[in-house]
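What follows is one structure encoded as structure tokens, with my remarks underneath.
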Amino acid sequence: MLPRIMHAAVVETFGAPLVLGELPVPEPGPGQILVKTEACGVCHTDLHAAHGDWPSRPSLPFVPGHEGIGVVAGVGAGVDRVKEGDRVGVPWLYSACGRCEHCLSGWETVCEAAQFSGYTRNGGFAEYILADPNYVALVPRGLSASEAAPIICAGVTAYKGIKMTEARPGEWIVISGAGGLGHLGIQYARAMGLHVCAVDVDGGKLEHAQRLGAEVLVDARQGDPVAAVRKATGGGAHGVLITAPSLPAFKQGVGMARRRGTCVLVGLPPGEFPVPLFDVVANCITIRGSFVGTRQDMAEALAFAAAGRVRADVETQPLSAINHVFDRLLRGDVPSRVVLEFGG
Ligand code: NAD
Ligand code: ZN
Ligand code: ZN
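Residue 10 is where the sequence shown starts when you use this note's numbering, and the numbers rise one by one after that.
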């Protein structure tokens, strides 16, 4: 028997602390499943969502969280992809239409009808999550819930972003921002045969980046970080992945690209950044955005983790600590990823 009431952390007002309260346990309708949450990572995106940072804001109130891992506890009519007891992840891409030009070409992440977990749908900062079984991640055996949680947003986003740079084995990639996304990005890049230059504004993050295999470390607070990267990589990196939630990192990142290199933007601080037009044109630089990853990217990203090639560094906290975790994330005071663990 399922309980009727669950604990959840709710955004009632943008920019205010989340309200820890009780909500009714949702019932899975036809084509839906109910997931009993075991763990949910805390992404910097949850902070942007709770602050209403982006042009299209979620409707209030809502439950954030899009790195929710749990066990299927209920299935609605017509569900055959998963069954009760399976361990699944409820990622940012909650669902898509399945019929538009983007869905049909393996780009469901940009479907205009896409719904987002923890944004347009209630997410994983709660003891139960409703999900669309066609879009949940299937968690490989051997990965615990807390190990898998960061992979289903931070991991897949970094992995897809690296692929989008088109950097090839033996070439250089810059990972700008060595936090939640970045610490996994460094590991994916190494596993993909790339040389890694890590850029951050925090000494502890850079030391950690080195332990994870970054060969060049650049502290963006010191000297000229663009010149430092260009020198260390012999003319700039073939790929640049900007995960930093900070606008100055974007102009710098474009400057760090080699001639004909590709700079992939995934960090989402609100605002705009200046592009040095002449340099981008004359050096044939590509600048592209990248948004999480498709279900296929997700399966690949999880397979790296299941094979032990990539491991999230996780600090576990209870749901009741969420406001303190948000404060620390805002200050840059979370070493890699906090994962909320749900007991019982
Ligand atoms: P995080 O807070 O864990 O890590 C951010 C890192 O950036 C920290 O290590 C911080 O020290 C570093 N940093 C800050 N300013 C910097 C600068 N000027 N130069 C270099 N590094 C700097 O955050 P996270 O969870 O990794 O998320 C990062 C960003 O990515 C957020 O804006 C988030 O919304 C976005 N995001 C985008 C997608 C997507 O699909 N595009 C998916 C997930 C997250
Ligand atoms: Zn995220
Ligand atoms: Zn679609």
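Even glycine gets a Cβ: it sits at the ideal position worked out from N, Cα and C.
Asked                                                                                                                                                      : Found
When we look at the beta-carbon of S65 and count the other beta-carbons within 10 Å, is it buried (16 or more) or exposed?                                 : exposed
Taking 7 Å as the cut-off, is the CB of G115 close to at least one heavy atom of ligand 3?                                                                 : no
Relative to the C-alpha of A167, which candidate in V284, M307, L349 has its C-alpha closest?                                                              : M307
Taking a contact to mean a Cβ-Cβ separation below 8 Å, would you say L32 touches A18 in this structure?                                                    : no
Taking the Cβ atom as the reference point for each residue, do L56 and L286 lie within a distance shorter than 8 Å?                                        : no
Mind listing which residues have their beta carbon within less than 6 Å of any non-hydrogen atom of ligand 2? Chain order is fine.                         : C52, T54, H75, W101, C162
Could you tell me the distance, in whole angstroms, from the CA atom of T303 to the CA atom of F259?                                                       : 24 Å
Alpha helix (DSSP H) containing E136: first to last residue?                                                                                               : No alpha helix (DSSP H) contains E136, which DSSP labels as neither H nor E.
Which value, in whole angstroms, describes the spacing of the CA atoms of P257 and G194?                                                                   : 20 Å
Kindly indicate which residue of R320, S155, L215 has the alpha-carbon position closest to the one of A229.                                                : L215
In the DSSP assignment, find the beta strand (DSSP E) that holds S155 and state where it starts and stops.                                                 : Note, S155: premise wrong, no beta strand (DSSP E); alpha helix (DSSP H) at 154 to 157.
Look at the Cβ atom of A310, then the Cβ atom of V165, and state whether they are nearer than 8 Å.                                                         : yes
Using a Cβ-Cβ cutoff of less than 6 Å, which residues in the same chain neighbour E324 once the five nearest sequence positions on both sides are dropped? : V347
What is the DSSP secondary structure of V207, counted as helix, strand or coil?                                                                            : Checking the sequence shown, residue 207 turns out to be Ala, not Val. Three-state result, A207: strand.
Quick check on DSSP: helix, strand or coil for G202?                                                                                                       : coil
DSSP on M15, reduced to helix/strand/coil?                                                                                                                 : strand
So, are the CB atoms of V84 and P12 less than 8 Å apart?                                                                                                   : no
Taking the CB atoms as reference points, tell me whether P70 and E21 lie closer together than 8 Å.                                                         : yes
Could you have a look at R96 and say whether DSSP puts it in helix, strand or coil?                                                                        : strand
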